[in-house]
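Counting in full-length UniProt numbering, the sequence shown runs from 1 upward without gaps. Written out below as structure tokens is the structure these notes cover.
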Amino acid sequence: MRIALFEPDIAGNVGTLLRTAACLGVAVDLIEPMGFAWSDRALARAGMDYARDAEVRRHADWDAFAATLTGRIVLLTTRGATPLPAAAFRPDDVLLFGSEGAGVPDSVHDRADLRVAIPLKPGFRSLNVAVAGAIALGEALRQTGWPA
């Protein structure tokens, strides 16, 4: 199981997800370009000292990331066809999250093997990406077994 972030915009969200990944024993892929400098203070502040324990791979772009894939891409998206409670996860899935401002382009959306939406109360568009990441990862690990 891995988390992948497509062109993330907000250092604090990445830091939070690095901390989550480190604590739960999953790796993280960062697909560049990112909207902040890798050494950004907000990244360090949100990740605290946990972020340095996260297994992180940085990829120059989508094509470089796609070339490394071995499992399914499970895209978390507001346009998801499968509600999270109905999604069936596999241990080698890559949970992909789009950038905070733009999500993912149609070409990336179309490349996903499974498109999942977290059900929200009517009238609400989306969750913060770090919160959505934690929710989706928690369900995926519940189904596939916690690594630690």
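Here a beta-carbon is modelled for each residue, glycine too, at the ideal position from N, C-alpha and C.
Select from Glu7, Ala22, Cys23 and Ala140 the residue whose C-alpha is nearest the C-alpha of alanine 88. Against the sequence shown, residue 88 aligns to sequence position 88. Ranking the options by Cα distance to alanine 88, first place goes to Ala140.
Residues bridged to phenylalanine 6 by DSSP? Working through the sequence shown from its first residue, we reach residue 6 at position 6. According to DSSP, which records beta bridges pairwise, phenylalanine 6 is partnered with Ile31.
Backbone secondary structure at glycine 103 - three-state DSSP: Locating residue 103 in the sequence shown gives position 103, counting from the first residue. Three-state DSSP puts glycine 103 in a strand.
Tell me the rounded alpha-carbon separation between arginine 19 and proline 122. Here residue 19 is taken as the residue at index 19 of the sequence shown, counted from 1. Here residue 122 is taken as the residue at index 122 of the sequence shown, counted from 1. Cα to Cα, the separation comes out at about 30 Å.
Just the C-alpha distance for serine 39 and threonine 70, rounded to the nearest angstrom, thanks. On the sequence shown, residue 39 is found 39 positions in, with the first residue counted as 1. On the sequence shown, residue 70 is found 70 positions in, with the first residue counted as 1. A straight line joining the alpha-carbon of serine 39 with that of threonine 70 spans about 29 Å.
Can you give me the C-alpha to C-alpha distance between arginine 58 and aspartate 106, rounded to a whole angstrom? Position 58 of the sequence shown holds residue 58. Position 106 of the sequence shown holds residue 106. Across the structure, arginine 58 and aspartate 106 are spaced so that their CA atoms are roughly 22 Å apart.
Hey, out of Val129, Pro91, Arg79 and Asp63, whose CA is closest to asparagine 13's CA? For this step, residue 13 is matched to residue 13 along the sequence shown. Closest option to asparagine 13, Cα to Cα, is Val129.
Other residues of its chain near aspartate 113: CB distance less than 8 Å, five sequence neighbours each side excluded: By one-based count along the sequence shown, residue 113 stands at place 113. Excluding its 5 nearest sequence neighbours in each direction, aspartate 113 has C-beta neighbours in its own chain below 8 Å: Arg72, Ile73 and Val74, listed in chain order.
In the structure shown, what three-state DSSP assignment does threonine 20 receive? Here residue 20 refers to the residue found at position 20 of the sequence shown. Here threonine 20 sits in helix by DSSP.
Tell me whether the region 49 to 63 and the region 86 to 103 touch, counting them as touching only if at least three CB pairs, one residue from each stretch, are closer than 8 Å. Under the 8 Å Cβ criterion, the region 49 to 63 does not count as touching the region 86 to 103, having fewer than three qualifying pairs.
Provide the residue(s) that pair with histidine 59 in DSSP beta bridges, ordered along the chain. Locating residue 59 in the sequence shown gives position 59, where the first residue counts as 1. According to DSSP, histidine 59 bridges with Ile31.
Could you tell me the alpha carbon to alpha carbon distance between alanine 11 and alanine 86, rounded to whole angstroms? The residue given as residue 11 occupies position 11 in the sequence shown. The residue given as residue 86 occupies position 86 in the sequence shown. Note on geometry: alpha-carbon atoms of alanine 11 and alanine 86 lie some 31 Å from one another.
Short of 8 Å in beta carbon distance, which residues of its chain neighbour threonine 82, apart from the five on each side in sequence? Order them along the chain. As a working note, residue 82 is residue 82 in the sequence shown. Here the set comprises Leu114, Arg115, Val116 and Ala117.
In the DSSP assignment, find the unbroken beta strand (DSSP E) run with arginine 115 in it and report its ends. Numbered from its first residue, the sequence shown carries residue 115 at position 115. Start and end: 114 to 117.
Whole-number beta carbon distance between glutamate 7 and isoleucine 31, since they are thought to touch under 8 Å: Translated into positions along the sequence shown, residue 31 becomes position 31. Translated into positions along the sequence shown, residue 7 becomes position 7. Their Cβ separation, rounded to whole angstroms, is 6 Å, which keeps isoleucine 31 and glutamate 7 in contact under 8 Å.
Report the option in Thr16, Ala102 and Ala4 whose CA atom is closest to the CA atom of aspartate 49. On the sequence shown, position 49 is the one that residue 49 refers to. Across the set Thr16, Ala102 and Ala4, the C-alpha of Thr16 shows the shortest separation from the C-alpha of aspartate 49.
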